[in-house]
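A quick write-up on the structure given underneath.
Residue numbers (my numbering): 20 to 403.
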């Protein structure tokens, strides 16, 4: 266990992270008892037969319903047979079809201990997802050792912070920008501390990353208004308005998503620059803070180009089909650039790049100041 966690002096960030994960696991979201699922149970079921006679084919589009004979594999009615209804709405994106032998996730509605209806939710993919996650965990720990374990802790912490804090606060109408900044700063402090421990390197990297995120936040807020982008541009956001959450400020949520999305790359660059400055200071202890900061800037310049491309590919990758539609229809470039979906992605990419451009000088400066000088000459353990 000690070999996985690291030196004794590095235990504190790990313990704090584990404590935060434990607290978040116990923290209720407040939405566990949603009315829509109070009289229903999610179960795994095997499809034994299908009746497609009620499906209406119109070209590529299918509508109607598919009736599936099911053997329930879990839940209160395990081992029983039931008939599930798979509604088709004519949407290739949302619709699914089942064949005998498939394993499905179904929603069993019951009353007085008897099944009233069964709805087909989707194909059951949890086993495959767990297999993929298990392979990732195994490879990460195998090749990265205790650093991989710390990376897994940071992933778990991030997922729980988003699911247990960020999303519930947004649903309750809290200010999305302030909540987003708070969650991002919390994650930045703990994730970077898992790399360095609670020392000057962590302080330098956190300071630079926080300033970069703040710049991205301010730029996102200013240019979202200038671009006249409504938050409904986010997928599924409009459904919230029709589900009793009409008071949500979707535009503010969109603003927060800009700097939250860029925060990972910002943290990465801040850690790279801080590590580089620390290495320079260790090799040349008499170096001044200005020269150390300049060395950090040189590293930052080299990394910013690839980081910006990373953001561009990450954001544009999900819109390949939209770009194909534009090209197939011969849409003029000025039309493309003025569509709100495209404008929103441009905003995401460029504002995120602003965060990267500013985190480099910020982190180089804070690292140069904090990691040089007589008081800082005592050697610190290198980050694993």
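All C-beta atoms, glycine included, are put in the ideal place defined by N, C-alpha and C.
(message) Helix, strand or coil for residue 144? Go by DSSP, reduced to three states.
(response) Under the three-state reduction of DSSP output, residue 144 falls in the coil class, being neither helix nor strand.
(request) Put residue 399 into one of helix, strand or coil per three-state DSSP. (result) Confidence at residue 399 is low in this model, with a pLDDT of 48, below 50, so the placement of that residue is unreliable and no value is reported for it.
(message) Short of 8 Å in beta carbon distance, which residues of its chain neighbour residue 407, apart from the five on each side in sequence? Order them along the chain.
(response) Summary: the structure shown does not reach residue 407, with the chain confined to residues 20 through 403, and so no result is reported for it.
(message) I need the straight-line Cα distance from residue 352 to residue 339, nearest angstrom please.
(response) Near 16 Å, if we compare the C-alpha coordinates of residue 339 and residue 352.
(request) May I have a chain-ordered list of the alpha helix (DSSP H) segments no shorter than 4 residues that lie completely inside the region 243 to 327? (result) 256 to 260, 269 to 302
(message) Under 8 Å: do the region 262 to 272 and the region 355 to 363 share three or more Cβ pairs, one atom per stretch?
(response) no
(message) Please tell me whether residue 371 and residue 273 are closer than 9 Å, where the distance is taken between their beta carbons.
(response) no
(request) Since I believe residue 285 is in contact with residue 232 (beta carbons under 8 Å), could you give me their beta-carbon distance rounded to a whole number of angstroms? (result) Contact between residue 232 and residue 285 holds, with the beta-carbon distance rounding to 6 Å and staying under 8 Å.
(request) Check whether the Cβ atoms of residue 167 and residue 32 lie closer than 9 Å to each other. (result) no
(message) My assumption, with CB atoms under 8 Å, is that residue 382 sits in contact with residue 293. Please give the rounded CB distance.
(response) Between residue 293 and residue 382 the Cβ distance is about 6 Å, and since that is below 8 Å, they are a contact.
(message) Suppose contacts are defined by Cβ-Cβ distances below 9 Å. Is residue 368 in contact with residue 331 by that definition?
(response) yes
(request) Would you kindly report the start and end of the unbroken alpha helix (DSSP H) that includes residue 70? (result) Taken as a continuous stretch (DSSP letters only), residue 70 belongs to no alpha helix (DSSP H), being part of the beta strand (DSSP E) at 59 to 70.
(message) Please return the same chain residues whose Cβ sits closer than 6 Å to the Cβ of residue 175, not counting the five positions on each side in sequence.
(response) Same-chain partners within the cutoff: 40.
(request) Inspect the beta-carbon positions of residue 295 and residue 195 and report whether they are closer than 9 Å. (result) no
(message) In the DSSP output, which residue or residues are listed as bridge partners for residue 83?
(response) BP columns for residue 83 point to 74, 107.
(request) Whole angstroms is fine: what's the gap from residue 391's alpha carbon to residue 36's? (result) So the two alpha carbons sit approximately 29 Å from each other.
(message) Taking 6 Å as the limit between beta carbons, can you name the residues of its chain near residue 308, skipping five residues before and five after?
(response) Within the same chain, residue 308 has close Cβ partners 387, 388, 391.
(message) Would you call the region 135 to 154 in contact with the region 73 to 84, where contact means no fewer than 3 C-beta pairs closer than 8 Å?
(response) With a cut-off of 8 Å, the region 73 to 84 and the region 135 to 154 do not count as touching, because too few Cβ pairs lie within range.
(request) Identify which residue in 180, 289, 298 has its Cα closest to the Cα of residue 44. (result) 180
(message) Is it buried or exposed, residue 169, if we count other Cβ atoms within 10 angstroms and call 16 or more buried?
(response) buried
(request) Could you tell me if residue 344 is buried or exposed, where buried requires 16 or more neighbouring beta carbons within 10 angstroms of its beta carbon? (result) exposed
(request) Please check the pair residue 91 and residue 62, which I expect to be a contact at CB under 8 Å, by giving their CB distance rounded to whole angstroms. (result) Contact check for residue 91 and residue 62: beta-carbon distance about 5 Å, within the 8 Å limit, so the pair qualifies.
(message) Quick check on this structure: which residue in 47, 46, 375 has the alpha carbon closest to the alpha carbon of residue 281?
(response) 375
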